[in-house]
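Going by our numbering, the sequence shown opens with residue 2, and the numbers climb by one from there. Before any comments, here is the structure.
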Amino acid sequence: MKEQIQALARQFHADTVANRRHLHAHPELSFQEVQTGKFVAAKLAELGIEHKHGIAANGVVALVKGKNPRKRIIALRGDMDALPIREANNVSYKSQNEGVMHACGHDVHTSSLLGTVRILHELRGQFEGTVKCIFQPGEEKLPGGASIMIREGVLENPRPTSIFGQHVHPPLRAGMIGLKPGIYMASADEIYVTLKGRGGHGAMPHECIDPIAISAQLIVSLQQIISRYADPG
Numbered sequence: 002m003k004e005q006i007q008a009l010a011r012q013f014h015a016d017t018v019a020n021r022r023h024l025h026a027h028p029e030l031s032f033q034e035v036q037t038g039k040f041v042a043a044k045l046a047e048l049g050i051e052h053k054h055g056i057a058a059n060g061v062v063a064l065v066k067g068k069n070p071r072k073r074i075i076a077l078r079g080d081m082d083a084l085p086i087r088e089a090n091n092v093s094y095k096s097q098n099e100g101v102m103h104a105c106g107h108d109v110h111t112s113s114l115l116g117t118v119r120i121l122h123e124l125r126g127q128f129e130g131t132v133k134c135i136f137q138p139g140e141e142k143l144p145g146g147a148s149i150m151i152r153e154g155v156l157e158n159p160r161p162t163s164i165f166g167q168h169v170h171p172p173l174r175a176g177m178i179g180l181k182p183g184i185y186m187a188s189a190d191e192i193y194v195t196l197k198g199r200g201g202h203g204a205m206p207h208e209c210i211d212p213i214a215i216s217a218q219l220i221v222s223l224q225q226i227i228s229r230y231a232d233p234g
């Protein structure tokens, strides 16, 4: 089957590149992936692949059922949203949405997952089980499209026993993948801190509480947690 997968990957390569360039030229911000979701759903419909569109507003889920579809169920996931960045590249598929760019590679994730679905669909008579392919909105913005999709039942009916995500990593040579136990890529959370000052008169600064000075000290101190107190090992 390895040779068949490689042959199909070569056969579908031009379409995958075209899909990626279309998505790159038409990026949409987190939870605004209206046209992106429609594009994915339309491509799946063209291939006759079972899918559902509209999970977490713009998310799409495709099912590829092999022989004995209940024997084993795994999921593949790719994100679809872009970033609020102005693209400076001068390429034919440059972003047409001013101030929005696929600068984090989600256009690659979406197009490669579409290509993967297509290959799986072609080989569905040669493997046992079901592959659930999840096109996720809102990866870049909290609370994150994943949590909303899960709340709306994306991991049910059928429920996968494992799920695989992937992310492009330019330092790796083309054709290679990187794997390691535990956490691999970084992520971020948001915290909100409220500082309450107290006004007063310039002649009596000792009776005031200056939130600007406190904010500056807090920012420096938080950065020092990483640079001075966290064990890099």
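Glycine included, each C-beta is placed from N, C-alpha and C at the ideal position. Computed from a predicted structure; not experimentally measured.
At which residue ranges does the stretch 108–154 contain complete beta strand (DSSP E) runs of 3 or more residues, listed in the order of the chain? Within the stretch 108–154, the complete beta strand (DSSP E) runs of at least 3 residues are 131–137.
With distances taken Cα to Cα, identify the nearest neighbour of Lys-44 among Thr-17, Glu-34, Asp-82 and His-202. Here residue 44 refers to the residue found at position 43 when the sequence shown is read from its first residue. It is Thr-17.
Note down, in chain order, each residue of its chain lying with its Cβ closer than 8 angstroms to the Cβ of Thr-162, except the 5 sequence neighbours on either side. Taking the first residue of the sequence shown as 1, we reach residue 162 at position 161. The answer, listed in chain order, is Arg-73, Ile-74 and Ile-75.
Span of the beta strand (DSSP E) holding Ser-163? The residue labelled residue 163 in the question sits at position 162 within the sequence shown. In the DSSP assignment, Ser-163 falls within the unbroken beta strand (DSSP E) covering 163–166.
Nearest to Gln-127 (by Cα), restricted to the options Leu-143, Pro-70, Cys-209 and His-110: Here residue 127 refers to the residue found at position 126 when the sequence shown is read from its first residue. Closest option to Gln-127, judged by alpha-carbon separation, among Leu-143, Pro-70, Cys-209 and His-110: Pro-70.
For Ile-184, which option in Gln-167, Glu-191, Gly-176 and Leu-48 has the closest C-alpha, if you only look at C-alpha atoms? By 1-based counting over the sequence shown, the position of residue 184 is 183. The shortest Cα separation from Ile-184 among Gln-167, Glu-191, Gly-176 and Leu-48 belongs to Gln-167.
Smallest Cα separation from Pro-144: which of Ser-188, Glu-4, His-170 and Leu-114? Along the sequence shown, read from residue 1 onward, the residue named residue 144 stands at position 143. The option with the nearest alpha carbon to Pro-144 is Ser-188.
Taking three-plus beta-carbon pairs below 8 angstroms as touching, is the stretch 130–139 in contact with the stretch 53–67? Judged by Cβ distances under 8 angstroms, the stretch 130–139 makes contact with the stretch 53–67, as three or more pairs qualify.
Candidates Gly-55, Gly-198 and Ile-151, of which the one nearest Cys-209 by Cα: Position 208 of the sequence shown, counted from the start, is the residue given in the question as residue 209. Among Gly-55, Gly-198 and Ile-151, the Cα nearest to that of Cys-209 is on Gly-198.
Does any residue of chain D bring its CB to less than 8 angstroms from the CB of Asn-158? Of the protein chains in this structure there is only one, and it is not chain D.
How big is the Cα-Cα spacing for Leu-124 and Gly-67? Taking the sequence shown and counting its residues from 1, the one referred to as residue 124 is at position 123. Taking the sequence shown and counting its residues from 1, the one referred to as residue 67 is at position 66. Those two C-alpha atoms are separated by around 8 angstroms.
Quick check on Asp-190: buried or exposed, where buried means 16 or more other Cβ atoms within 10 Å of its Cβ? Mapped onto the sequence shown, residue 190 falls at position 189. Exposed.
Buried/exposed call for Ile-50, threshold 16 Cβ in 10 Å: As a working note, residue 50 is residue 49 in the sequence shown. By the neighbour-count criterion, in which a residue is buried when 16 or more other Cβ atoms sit within 10 angstroms of its Cβ, Ile-50 is buried.
How long is the line joining the alpha carbons of Gln-218 and Asp-80, rounded to whole angstroms? The residue given as residue 218 occupies position 217 in the sequence shown. The residue given as residue 80 occupies position 79 in the sequence shown. When rounded, the distance between both Cα atoms is 37 angstroms.
Endpoints, beta strand (DSSP E) assigned at Gly-55: The residue labelled residue 55 in the question sits at position 54 within the sequence shown. Taken as a continuous stretch (DSSP letters only), the beta strand (DSSP E) holding Gly-55 covers 51–56.
Hey, would you say Asp-108 sits closer than 8 angstroms to Arg-21, going by beta carbons? Along the sequence shown, read from residue 1 onward, the residue named residue 108 stands at position 107. Along the sequence shown, read from residue 1 onward, the residue named residue 21 stands at position 20. Between Asp-108 and Arg-21, the C-beta spacing is below 8 angstroms.
Excluding the five sequence neighbours on either side, which residues of its own chain have a C-beta within less than 6 angstroms of the C-beta of Ala-104, listed in chain order? Here residue 104 refers to the residue found at position 103 when the sequence shown is read from its first residue. Result list for Ala-104: Leu-84 and Ile-86, in chain order.
In or out: Leu-115 buried (at least 16 other Cβ within 10 Å) or exposed? As a position in the sequence shown, residue 115 is number 114, starting the count at 1. Flag for Leu-115 reads buried.
Under the three-state reduction of DSSP, which class applies to Ile-74: helix, strand or coil? The count along the sequence shown starts at 1 and reaches residue 74 at position 73. Note: Ile-74 maps to strand in three-state DSSP.
In chain order, what residues of the same chain lie with their CB nearer than 8 angstroms to the CB of Ser-216, ignoring the 5 residues before and after it? The residue you call residue 216 lines up with position 215 of the sequence shown. Beyond the five residues adjoining it in sequence on each side, Ser-216 comes within less than 8 angstroms, by CB distance, of Leu-196 in the same chain, given in chain order.
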